[in-house]
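In my numbering, the protein residues as written are -14 to 613. No residue lacks a Cβ here, since even glycine has one placed at the ideal position from N, Cα and C. Read the structure below first, then the notes.
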Amino acid sequence: MAGTPVRESEPWIGSWVAAVIAVAATYGYFLIFAEFAFLEWVRAVDARPEPLRLVMAGLGAGGIGGAALGAWRFRRESGRSQLAWTLRLCGLAALVTLAADAWGALVAVAVAVGLALGALTVILAAVLRGAAGPARLGTAVGAGTGLAYAGCNLPMVFQASPRDQTVLAALLVWGASIAPRWMASHDDGPAEPETAAPAVARWVVLLLALVWMDSAAFYIVQHTPALRAVTWGGAWALYANAGVHLLAAFGAGIALDRGWRGRVAAAATVLLAGACLMLEGLLPSFVPAVWLYAAGVSFYSAVLVEYPARSGRAGIAAAVFAVAGWMGSALGIGMAQDLAHVPPGFVGVATFVIAAMLIWRGKRAAVVVLALAVATGADGGRLAAAESDLQVVRGREVYIAEGCLHCHSQYVRPEVALDGERWGPAAALADALAAQPPLFGNRRQGPDLANVGNRRSPEWNRLHLQCPREVSPGTRMPSYSHLFAVGDDRGEALVAYLASLGADTVAARQAQIAAWRPRPDHVTEPAAAARLFARWCVPCHGDSGRADGPLAGKLSVRPADWATAPFRHVPKGSDIELVLSRIIKFGLPGLPMAGREYLPDADVVGLARHVQALQKTAGRASVVPDQP
């Protein structure tokens, strides 16, 4: 689809290196400052969601305006000078953040950051082809992209404070502002063949879908503490992410120089879609989902810069970055904020749209492409929300039809303290009575499900419904695998309904967990604790905590091997026994690790000590960063 790159006279190697530096600095600034440090600074000033939304809206509006401004003011003869100045402006905008101490000022700073960054990306794309040369443009973009992602994942960078990250980002772009002086001038010879309006529209929509999917998945990981700890918890995970990013981006660059842009985009789609479905628990984790995600992001990030850069046209760059980059990011984050997950239906639609854009050509495609873009941008999040609501309604009907209320209650008794500790915050009786029909339950044979959505992940519920005795040995619950037969949507509807229960009590439940401390009269003996571990924990963790249990390979996030790896969810310097006790008691919301809420404190502490004994490198608790 991309065509064969034309071999023109290539600039000297110093110009190519300067191009790599400029790409790395631009992506590095965006990643470590705009995506991380700046938003953390906003949360530190005002943690309410409304100011954060306004700041993000200002950042997006500034980015779109900056892209348009960059295209309007770009001049070929002074492009290198403009690139240097926009790099400096980005650094200045970052440092101004450190003086902003109110959300109103931060909105203004967000607009300034967006303007500078939006203009920078357009001008960079417009000068890259001349600086790197058409035959080595892809490798320059891939190398710069990989270095940026890898550098931002280094522990000393990622785990730095927001202030230090901000200063580092400013120094990065200021240092890179000297690179344009070594860049060669643009040669107006033959370039990217796909510059007609239909082709540009196809690539804009394709990249819009990829950015949308990435931004939604990133937001979910960023705002789910358990997923965040797995993805970015500890030096080993960060170094692994850095390596995957670097190799994937550089490989993508080589492929782009061979004219394989369509293949790179297709691979990015498969990887991102697979990662999203793993996060939803719909695919087993044959490799860590974060590695698929990192590779997919690196692939499409290289395409995002290479396509407009291959044309050398600022207008095309503005269209790509304004619509696909800034709008796609806003749509993805907005969807994740509203739904708190990436709907599998959206992943399927996005994959279909991308496939259509890669396969379908012709002038008529432009009309359909634009219609898809408008419809998707206007109603995509709303349609996904409506689809999710319908599934919940359908799932409630399945819950009633299958007789779940005969064993499970949906009412936490406020007068029973143990109910609140085990099953979460109690709801007002009037609210429970308002449901039609009320689902108090006939008896309490199984756990109360009023807040099951913030106690069990959809993945765990799905597994438990299909193979309850594998997940919870000795349970009396029957299998409902027939609800998940091919062509039967009742199982997924039931999972969606269960996930909705307790959606409004997440913060209260987290506060309960944070306040809980075990107070056992005694601690279960090691031999008895080992028997408890064999009954409840072996299916996932294995006999010796080596992550080799029969269910481990079916999980989206495979348990850690305690013999060789540090605990993922125990912050450095914390009370290890207390943290492990809370995890054993309440699980890890958002992950397939379920709690054992009904165990007495003596058993919980005994299990915590048994787990520490299995962890041969006891004390090597990994650091869970304060920032996402």
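query: Own chain, CB closer than 6 Å to Leu448, minus 5 neighbours either side, in chain order; result: Val456
query: Straight-line gap, Ser170 to Ala78 (C-alpha atoms, nearest Å); result: 28 Å
query: Range covered by the alpha helix (DSSP H) that runs through Cys389; result: It is not in any alpha helix (DSSP H) - Cys389 carries neither H nor E in the DSSP assignment.
query: Cutoff 6 Å; reference Gln164; Cβ partners in own chain excluding five residues on either side; result: Checking the sequence shown, residue 164 turns out to be Ala, not Gln. Ala3, Ile6, Ala7, listed in sequence order.
query: CB-CB length for Ala481 against Gly380, believed under 8 Å; result: 5 Å
query: Contact the region 276 to 287 vs the region 28 to 42: 3+ CB pairs below 8 Å; result: no
query: Identity of the residues DSSP links to Ala579 by a beta bridge; result: Gly572
query: Reduced DSSP secondary structure (H/G/I, E/B, other) of Ala369; result: With a pLDDT of 49 at Ala369, under the threshold of 50, the modelled position of that residue is not reliable, and the figure given next carries that caveat. Three-state DSSP puts Ala369 in a helix.
query: Whole-angstrom distance between Asn138 and Asp416, CA atom to CA atom; result: 46 Å
query: Which listed residue (Ser485, Ile318, Pro410, Leu100) has its alpha carbon closest to that of Gly438; result: Ser485
query: Per-residue burial, Met141 [other beta carbons within 10 Å of its own, 16 or more giving buried]; result: exposed
query: Closest Cα partner of Gly160 within the set Ala194, Thr71, Gly472, Ala513; result: Thr71
query: Proximity to Phe143 [Cα-Cα], best of Ile205, Ala22, Ala233; result: Ala22
query: Where the alpha helix (DSSP H) through Arg640 begins and ends; result: Nothing can be reported for residue 640: it is not among the residues displayed for the chain, which extend from -14 to 613.
query: Burial state of Tyr285, where buried means 16 or more other Cβ atoms lie within 10 Å; result: buried
query: Nearest to Val27 (by Cα), restricted to the options Gln497, Gly13, Ala90; result: Ala90
query: DSSP state of Asn427 mapped onto helix, strand, coil; result: coil
query: Residue environment, Ile339, which counts as buried when at least 16 other CB atoms sit within 10 Å; result: buried
query: CA-to-CA distance, Ala435 to Asn427, given in whole angstroms; result: 14 Å
query: First through last residue of the alpha helix (DSSP H) which encompasses Leu192; result: 182 to 207
query: Close-in-space but distant-in-sequence residues of the same chain around Leu592 (CB under 7 Å, 5 per side omitted); result: Ala514, Leu517, Phe518, Ile569
query: Three-pair Cβ contact test at 8 Å for the region 56 to 65 versus the region 296 to 303; result: yes
query: Three CB pairs or more closer than 8 Å across the region 290 to 299 and the region 110 to 124; result: yes
query: The region 122 to 131 touching the region 224 to 242, judged by at least three CB pairs closer than 8 Å; result: yes
query: Element boundaries [alpha helix (DSSP H), containing Asp149]; result: 147 to 161
query: Cβ distance (whole Å) where Tyr14 is taken to contact Ala154 below 8 Å; result: 5 Å
query: Assigned secondary structure, Gly(-1) (DSSP; H/G/I helix, E/B strand, else coil); result: helix
query: Distance between Asp433 and Leu390 (C-alpha atoms, nearest Å); result: 10 Å
query: Buried or exposed by the 16-neighbour rule on C-beta atoms within 10 Å, applied to Ile108; result: buried
query: Distance, Tyr384 Cα to His393 Cα; result: 10 Å
query: Neighbourhood of Pro422 by C-beta, 7 Å cutoff - its chain only, sequence neighbours within 5 removed; result: none
query: Burial state of Trp(-3) (16 or more Cβ within 10 Å); result: exposed
query: contact_flag[the region 467 to 479, the region 543 to 561] where n(CB pairs < 8 Å) is 3 or more; result: no
query: Among Ala260, Val229, Tyr224, Trp188, nearest to Gly313 - alpha-carbon criterion; result: Trp188
query: Tyr14, DSSP secondary structure in three states; result: helix
query: DSSP state of Arg166 mapped onto helix, strand, coil; result: helix
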